Amino acid sequence: MKKRIGSLLLILALCFTLLPTAVMAEESVDAWDGSVAESFAGGTGTEEDPYQIANGAQLAYLAQFVNSDSNNDCAGECFVLTADIDLANHDWTPIGNSFADVLFDGPDYRLFAGNLDGKGHTIFNISIGTESTPLESDVFGLFGATGGKISNLNLDGVTICGTAKNVSGYVIGLAGALAGSASGPIENCHVTNLSMTMNTPDSGWTAAYWIGGLVGALDGSQYIEECSASGKITEKSGKGSIGGLIGELGRAATITYSHADVALDVESVYSGGANVGGLIGKGNGYKDPETVISNCFATGNVKGGAYSGGFAGSLYGLNIKNCYATGDVTDAFVSMATFAGTDSSSSDAYGSVTNCYTTGKVVGTASSTYAFMQQDATVRSPITNCYFADANSAIKNQNESAESKTSVEMQTETFKDTLNAGDPANGWIFREGETPLCGAEPADYSAVDAALDKIPADLTAYTDESIETLSAATEAVIRGKVIAKQAEVDAMAAAIERAISDLVFKPADYTAVDAAIAKANALNEND
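Okay, so the sequence shown: first residue is 51 according to the working numbering, each after it adds one.
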């Protein structure tokens, strides 16, 4: 792979973003037959000329290369998808399929450290393990472990049935639809129709068991931005950290403008100690003001676990700002609340929650229940300007500083202003008849779609230069942006409209006319 591969001109269809991905999958994507290609579609791996992946066999070629040797990590190399890919539920081996040795400072691991830009394409029907024969491994996902940037990629129809691995007496299992472990940034990646079932082996001390709808664990100083996950996660042992988007977040890592709509169903046992949250399982255990989750939301219901919350299982060092959760929380064993089940198991790892609200309910019994979040003493994590639905008022702890609001009060512009706390940069948005939006909701692409519909069906009459300008405007459309970035989406639409209006007709061909005139001029009176 690292030697030069013959370059192939990348030809992108002018209107590749016009059709919904599901339609494209049904009508134009060849299903993967399980084979492995001998090369990519083209490219040399540079930023200017990335390796091109056009089908399942070429994606499998990347997996085979990375998994064959620990030196084949593709560090610094660049890859792009040039088409949607249907993996047809053939058994998929994660790209970077062994990671446990890293945790023991060993050299024997497989990691994809390259940069992949999905270009807005979708990979369909990813299948890892089966219900009857779950995969036993330490990493699960399209990627097992990543070290580079993954961006602009959609996954639709991801099925994972796995069992964590006992490595030298330690239970290790990192699972996410996109990646089990990520030590590089993730931007504009989205998972839909996720079905994940995870379990642990019968023996071993649970050392690293982290499960998320998108990513199992994100390493420190990295970020997740404008990402989402939807579907269901079932965890059968009641252990680990399980979140709708991510299991655990590393020190000084951040998540912004992201959301999860994942139903979580975790075994409810005290001994397992599972931290379960609608967006995140728990933090990293350090007091660090740079470990921040901001402008995110979770809508999935949370069931079971030991410490469970509609947004987070345990803060454990997280600082959460301008976020909300709407899911119900039920059947946790130790502690449950509408926002976070607990703040920390150690005074050295308290976090904070600022300008947040919940609308879900706490249902059932646990050793401790809270209307918003555990706050049993003033030395615990500060909860500032936070609110919960008044249906939970009866279980509010006397030390909780969060306040109750009726649904009517929450659907007002006044409440939006309250959450912004005098600073519009906090990003809360008012929309009639809804509770405030935090900015992570999907942007409106109707103007983009309307502009694309105006592109002439036949462009042959226009100059190549003006067509290239239009092509550049359509290729610059990035789907998956959030409402906080609506101005960027509107700019995409404006660029297409401008390129259409600037289309220039080719000069008419007067060759035949000139020939006729010359012939007429050559005539004499006898002719």
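By construction, the Cβ of each residue, glycine as well, lies at the ideal position given by its N, Cα and C atoms.
In this text the structure is predicted, and so the values were computed from the model without any measurement.
For alanine 258, the uninterrupted beta strand (DSSP E) run begins and ends at 255-262, by DSSP. DSSP, read as helix, strand or coil, puts phenylalanine 115 in helix. In the DSSP annotation of this structure, the continuous segment of the beta strand (DSSP E) that includes isoleucine 210 starts and ends at 200-213. The Cβ atoms of glycine 207 and methionine 248 lie no closer than 8 angstroms to each other. When only Cα atoms are considered, isoleucine 505 and isoleucine 550 end up about 7 angstroms apart. Contact between the region 563-576 and the region 525-532 is absent: fewer than 3 CB-CB pairs across the two stretches fall below 8 angstroms. In the three-state scheme derived from DSSP, where H, G and I count as helix and E and B as strand, glutamine 424 is classed as coil. In its chain, beyond the 5 residues on either side, Gly328, Ala348, Thr349, Gly350, Asn351, Val352, Gly360, Gly410 have a beta carbon closer than 7 angstroms to the beta carbon of glycine 377. Pairing serine 417 with phenylalanine 90, the inter-Cα distance amounts to about 56 angstroms. If one requires a minimum length of 4 residues, the alpha helix (DSSP H) runs lying completely within the region 498-576 are 514-525, 536-551, 561-571, in chain order. Between the region 218-233 and the region 259-270 there are three or more C-beta pairs closer than 8 angstroms, enough to call the two in contact. Judged by beta-carbon spacing, alanine 444 lies beyond the 8 angstroms limit of serine 457, meaning their Cβ atoms are not closer than that value. With a contact defined as Cβ atoms closer than 8 angstroms, glycine 363 and serine 291 qualify at about 7 angstroms. Contiguous beta strand (DSSP E) elements confined to the region 251-322 occur at 255-262, 265-268, 273-275, 278-285, 291-293, 296-299, 304-306, 309-316, taking only those with 3 or more residues. Only exposed fits aspartate 83, as fewer than 16 other CB atoms lie within 10 angstroms of its CB. For serine 182, there is no enclosing beta strand (DSSP E), as DSSP gives it neither H nor E. Counting along the chain, the unbroken beta strand (DSSP E) around valine 342 starts and ends at 342-344. By the criterion of a C-beta distance shorter than 6 angstroms, threonine 196 is surrounded in its chain by Phe162, Ala229, Ala232, Gly234, once the five residues flanking it on both sides are discounted. Using a Cβ-Cβ distance cut-off of 8 angstroms, the region 534-553 and the region 500-520 are in contact, since at least three pairs of beta carbons, one from each stretch, lie closer than that value.
For tyrosine 366 against alanine 399, the beta-carbon gap comes to about 5 angstroms, under 8 angstroms, which counts as contact. Take the alpha-carbon of tyrosine 374 and the one of tryptophan 478: they are about 11 angstroms apart.
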